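Trainee: Below is the structure I would like to discuss, written out as structure tokens.
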Amino acid sequence: MKVVNTTPPNSDSNVSSSQSTEPAEATLATHDIKNLLGTVIGHADLQLLYLAGEQPAPIHQLETSLESIRLSASHAITLCEEMLALADGRPPVLVPLSINEAVCEAAEIFSARVAFAIEVEIEGNGALEVNANRTDLQRALLNLMWNAFEAMDGRDDPHLMIRWGETSDGPWIEVVDNGPGLPEGHLSDLTEPFKSSKGDEGKVRGLGLHSVARVMRRCNGRLLGFNRKSGTGAILRMEFVLAREIALEYCARNSRDAADKNSQQDGIYTRNPTATG
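Each residue of the sequence shown is one higher than the one before, starting from 18 at the first, in this note's numbering.
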């Protein structure tokens, strides 16, 4: 996978965001873990078939399967740990992350999941960072890639691209495919659970998109979707706020808390003299 610098493209179409009824966090986590375990089982079954035959698997294929199993199982464990943290009331921690590293790791897991049936093209500024939770960001990327892959089912020339950049409002990441596109031309109600991005006859159940939308809200961002102007296909866009905006909000909140505390202390000090005499 090569990474090249790119400038933020203009919007291909009208953009709209979506909100919907919240399913349980456990439902979304189960959806994502199920996809990861599918990779583990798929590669394990493949190697068992080789063991049952007369010819062993080529060493490079065995290495690929083992690495795919390791990556997927590791990500599933991390996701379980994040869910346990949320159950204990610990919110996800947002830290500066390399978009390039997060995208490449997610693309590697995805490629293993689909048995390298499609090449993932990657374009972006290798130095750009985003404030996010690593597990959440990779969950979002994997869900968007899986959703795009299923939407392109049956196409002779499936094409999947992940690109990212930055505007004055903050960093963004886009997953672009050449499938049939979004039924209504924009994201609309597709993040509702069990709604499909392929229409009523589609196979995509929609929990993946809803999971991404929820992740973006936790990252102080949003999920947008629209169809490409040229050719067929959809663009799912994750937009993040700038780190300085998060810092300013944090400082403002701390200032308000400090002011409230001082006000309470002032009230105590002014009441005490009156009370004593």
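Cβ atoms here follow ideal geometry from the backbone N, Cα and C, with glycine treated the same way. From a predicted model like this one, the values you see are computed outputs, not experimental measurements.
1) Would you call Leu66 buried or exposed, if buried means 16 or more other Cβ atoms sit within 10 Å of its Cβ?
2) Need the endpoints of the alpha helix (DSSP H) that Leu161 sits in, please.
3) Name the DSSP beta bridge partners of Asp194, please?
4) Quick check on the burial criterion: 16 or more other C-beta atoms within 10 angstroms. Buried or exposed for Ala104?
5) Drop a sphere of 10 angstroms on the beta-carbon of Ala134, count the other beta-carbons inside from all chains shown, and report buried for 16 or more, exposed for fewer.
6) Taking buried to mean at least 16 other C-beta atoms within 10 Å of its own C-beta, is His108 buried or exposed?
7) Report all residues from its chain with a CB closer than 6 Å to the CB of Leu158; omit the five preceding and five following residues, and keep chain order.
8) Look at Phe257 and Trp189 and say whether their C-beta atoms are less than 8 Å apart.
9) On the DSSP bridge list, what partners appear for Ile135?
10) Here's the rule: buried if 16 or more other CB atoms are within 10 angstroms of the residue's CB, otherwise exposed. What is His77?
11) Suppose the cutoff is 7 Å on Cβ atoms and the five residues either side in sequence are ignored; what does the same chain contact list for Gly238 look like?
12) Taking just the CA atoms, how far does Ala144 sit from Gln155?
13) Strictly by DSSP, which residues pair up with Phe257?
14) Indicate whether Gly242 and Gly182 have their beta-carbon atoms separated by less than 8 Å.
15) Where do the ends of the beta strand (DSSP E) carrying Leu128 lie?
Mentor: Reading it off the structure:
1) The count along the sequence shown starts at 1 and reaches residue 66 at position 49. By the neighbour-count rule (16 or more Cβ atoms within 10 Å), Leu66 is not buried but exposed.
2) Position 144 of the sequence shown holds residue 161. For Leu161, the enclosing alpha helix (DSSP H) stretches over residues 151-168.
3) For the purposes of this step, residue 194 is taken as the residue at position 177 of the sequence shown. DSSP, once it has assigned bridges, lists Leu177 as partnering Asp194.
4) Looking up residue 104 in the sequence shown gives position 87. Exposed, because fewer than 16 other Cβ atoms sit within 10 Å of the Cβ of Ala104.
5) The sequence position of residue 134 within the sequence shown is 117, counting from 1. Residue environment analysis places Ala134 among the exposed positions, since fewer than 16 neighbouring C-beta atoms fall within 10 angstroms of its C-beta.
6) For the purposes of this step, residue 108 is identified with residue 91 of the sequence shown, where counting begins at 1. It is Pro, not His, that sits at residue 108 in the sequence shown. By the neighbour-count rule (16 or more Cβ atoms within 10 Å), Pro108 is not buried but exposed.
7) Taking the first residue of the sequence shown as 1, we reach residue 158 at position 141. Once the five neighbours on either side are set aside, the close Cβ partners of Leu158 are Ala123.
8) By 1-based counting over the sequence shown, the position of residue 257 is 240. By 1-based counting over the sequence shown, the position of residue 189 is 172. A contact, by the Cβ cut-off of 8 Å.
9) Start at 1 with the first residue of the sequence shown, and residue 135 comes out as number 118. Assignment of beta-bridge partners to Ile135 by DSSP yields no partner.
10) Residue numbering aside, residue 77 sits at position 60 when the sequence shown is read from its first letter. Exposed, since its Cβ has fewer than 16 Cβ neighbours within 10 Å.
11) Here residue 238 refers to the residue found at position 221 of the sequence shown. Cβ neighbours of Gly238 beyond the five flanking positions: Met255, Glu256, Phe257, Val258.
12) In the sequence shown, counting from the first residue as 1, residue 155 sits at position 138. In the sequence shown, counting from the first residue as 1, residue 144 sits at position 127. In this structure, the straight-line span from the alpha carbon of Gln155 to that of Ala144 is close to 18 Å.
13) What you label residue 257 is simply residue 240 of the sequence shown in a count that begins at 1. For Phe257, which the question treats as bridged, DSSP gives no partner whatsoever.
14) Residue mapping note: residue 242 aligns to position 225 of the sequence shown, counting from 1. Residue mapping note: residue 182 aligns to position 165 of the sequence shown, counting from 1. Result no, Cβ atoms of Gly242 and Gly182 do not sit closer than 8 Å.
15) Your numbering for residue 128 matches position 111 in the sequence shown. For the sequence presented, residue 128 should be read as Ser rather than Leu. From DSSP, Ser128 is part of no beta strand (DSSP E) but of the alpha helix (DSSP H) over 116-130.
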